[in-house]
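Numbering (our numbering), first residue to last: 1 to 304. Here the structure comes first, spelled out in structure tokens, and everything after it is commentary.
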Ligand code: DON
């Protein structure tokens, strides 16, 4: 076994016995996840990816989609236009908080739900089908393969998504969302229900780490400046109200999702993804955090 694969296997073996946290159950389809699953992948600058553990297991991307959709609209509309609709400040609050600026209604940042729904509202498309197709195509370009939506997860998100729906209507009342809020929030549910593996997420992380160029396909998916903006945002806001301690302990820009995935990256060096469904109180994977803490230490990757 080559030394990198050995290191990744060792890290997984070290955390496999940890069983703290609980699988997200506020969306019925997520509650069905196999809590024992654990997978890790790393992607280097030439696109080589090493994946270990349950690397073929698919899971819904959830909030890990948020920085990528933000990247797509930043690239399409420019920073000034996008920042008129959403801020870039840490909210210090949970992912589903109603963190809106008092005078303008601008959500604190694009990585909490309110901000992500505002950003999804900026994706061109007159109806749900068109907007959702654009989002899935965009996420696919980052992953380097054609991704699909898990229709059961989407239906489950939509059936239980009253808080997100309320956020969308609030955003519409402030004119942050234009048009029918239903289209934006349903497109957001479909975005969260897009299926990925750790290898996909690792390649997506790599695309951000290497200035917007997908290291596997060679496609320039977003500009280097957009990639830098998104990585900066993930550094301050990627782990919600756990972002400060994450930066201290792991020291890598990252983004988590409630299905147990965490994406992280070392700028210009590698993209990484880990998946394990049990979550801590902030909604971040417990074993995922331990894996990345170990990896960051072993490889001396803390950015500071
Ligand atoms: O908005 C929601 O409820 C979810 N579908 C996505 C949230 C998510 O992944 C939050 N992250 N930890």
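Cβ coordinates follow ideal geometry from the N, Cα and C atoms, glycine included.
The Cβ atoms of residue 257 and residue 274 do not sit closer than 8 Å to each other.
When secondary structure is reduced to three states using DSSP, residue 242 falls in the helix class. When C-beta atoms of the stretch 57-69 are compared with those of the stretch 97-111, three or more pairs fall below 8 Å, so the two segments count as touching.
Residue 117 places its beta carbon less than 8 Å from that of residue 185. Of the candidates 5, 11, 54, the residue whose Cα lies closest to the Cα of residue 260 is 54. Residue environment: residue 79 is assigned as exposed (fewer than 16 neighbouring CB atoms within 10 Å of its CB, all protein chains considered). With distances taken between CA atoms, residue 96 lies nearest to 239 out of 52, 239, 82, 227. Excluding five sequence positions before and after residue 99, the CB atoms of its chain that fall closer than 7 Å to its own CB belong to 91, 93, 107, 108, 112, 114, given in chain order. The C-beta separation of residue 218 from residue 303 comes to about 26 Å, leaving the pair out of contact by the 8 Å criterion. By the 16-neighbour rule on beta-carbons within 10 angstroms, residue 103 is exposed.
Checking the DSSP bridge columns, you'll see residue 275 partnered with 39, 261. Judged by the Cβ position, residue 243 fails to qualify as a neighbour of the ligand DON at the 7 Å threshold, every heavy atom of the ligand being at least this far. Distances from the CA of residue 7 to each of 42, 169, 199, 131 were compared; the closest alpha carbon is that of 42. In this structure, 283 is the residue among 204, 220, 283, 230 with its C-alpha nearest to the C-alpha of residue 242. Cβ contact annotation for residue 140 (same chain, cutoff 7 Å, sequence separation greater than five): 146, 147, in chain order. Listed in chain order, the non-local C-beta contacts of residue 211 below 6 Å within the same chain comprise 224, 227, local neighbours out to five positions each way being set aside. Under DSSP, residue 213 forms a beta bridge with 220.
With respect to the 8 Å criterion, residue 285 and residue 195 are not classified as neighbours on the basis of their beta carbons.
For residue 143, the enclosing alpha helix (DSSP H) has its first and last residue at 128-143.
Contact annotation: residue 268 and residue 209 have beta-carbon atoms nearer than 8 Å. Taking all protein chains shown into account, residue 253 has 16 or more neighbouring C-beta atoms within 10 Å of its C-beta and is therefore buried. Between residue 191 and residue 120, the gap from beta carbon to beta carbon is short of 8 Å.
If you check the CB distance, residue 216 and residue 144 come in under 8 Å. Taking 7 Å as the cut-off, the C-beta of residue 157 counts as close to a heavy atom of the ligand DON.
For residue 109, the shortest separation between its Cβ and any heavy atom of the ligand DON does not lie below 7 Å.
In the DSSP secondary-structure assignment, residue 17 is not bridged to any residue.
The count of Cβ pairs closer than 8 Å, one atom from the stretch 24-43 and one from the stretch 150-158, reaches three, so the stretches are in contact.
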